[in-house]
Amino acid sequence: MRYSPRHYRAATGVVVVGLVAAVVPLTATPVSAHRKDYGQKWSNFSYHHVTGYNDQWQQPMTRAPQRWSEHARVALRNASGANCNVKVGRYSSSGYGHYYSYHVNGGSTGCYITLNARTIAAEASRFQNFVHSVFTHELGHALSLGHNERGDSIMCKCRNRNTMTRRQSHDNSDVTDYYTTGYTRKF
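Below, the structure written as structure tokens:
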């Protein structure tokens, strides 16, 4: 085949486009990668948990929403009759906690958060920290945060639940990205 500058340029363009297409998936992470569309529509929702738990449970269950509320775009408050209910129980599942969302009243979102006393008691070496970490994580789901693989995030399943109890900078930036200053979810 005879050398043709036109063929050379076309072949070079195909190679460059092919390289870019191969590299972009390895380096680009979409903004919505950790987002859950089924979280609460507002970041100022009310939750309700049954009172009467002993201090080992009550203190971390009080601190977790307070700490989320320190974020400028989050305001969680405990209120009876709230659409988001929190319950501790002994469940057969292997998880420490779970977030479930549902729709009520023509589309407003409600939720249940369960904390598994059976698995938490079996695994925790610092019980209150562990409960605090699990509840903070599940509230993160209510704030539309999904799981991620960052060890420096409360939303990482790999975190040390005995030591990491607070939302981290990555979690803060996700909440800032997802909610407006009026507490309304952007998506």
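By the UniProt record's numbering, the letter at position 120 of the sequence shown is numbered 120, and the numbering carries on one by one without gaps.
Heads up, the beta-carbon is just placed ideally off N, CA and C, and yes, glycines get one too.
Exercise. In or out: G81 buried (at least 16 other Cβ within 10 Å) or exposed?
Worked result: By the 10 Å Cβ count, G81 comes out exposed.
Exercise. Would you report the Cα separation of G52 and R150, rounded to the nearest angstrom?
Worked result: 35 Å
For this session: Run the CB neighbour count on V50, radius 10 Å, all protein chains shown included, and call it buried at 16 or more, exposed below.
Result: exposed
Exercise. Can we say the region 91-98 touches the region 57-68, given the rule of at least three CB pairs closer than 8 Å?
Worked result: Contact annotation: the region 91-98 does not touch the region 57-68, with fewer than three C-beta pairs closer than 8 Å.
Exercise. Should T163 be labelled buried (16 or more other beta-carbon atoms within 10 Å of its own) or exposed?
Worked result: exposed
Problem set entry | Buried versus exposed call for C84 [16 or more other C-beta atoms within 10 Å across all chains shown] | buried
Problem set entry | Y99 (DSSP reduced to helix, strand or coil) | Under the three-state reduction of DSSP output, Y99 falls in the strand class.
For this session: Please classify G89: does DSSP put it in a helix, a strand, or coil?
Result: Here DSSP, grouped into helix, strand and coil, assigns G89 to strand.
Problem set entry | Three-state secondary structure assigned by DSSP to Y179 | strand
Exercise. Using the C-alpha atoms, what's the distance from L145 back to F127?
Worked result: Distance between the alpha carbons of F127 and L145: 24 Å.
For this session: With a floor of 3 residues, list each beta strand (DSSP E) that falls wholly inside the region 40-82, ordered by position along the chain.
Result: 46-49
For this session: Could you give the DSSP three-state label for A33: helix, strand or coil?
Result: In this predicted model, A33 has a pLDDT of only 45, less than 50, meaning its place in the structure is not dependable enough to derive any value.
Exercise. Which residues mark the beginning and the end of the alpha helix (DSSP H) in which R150 is found?
Worked result: No alpha helix (DSSP H) holds R150; DSSP gives it neither H nor E.
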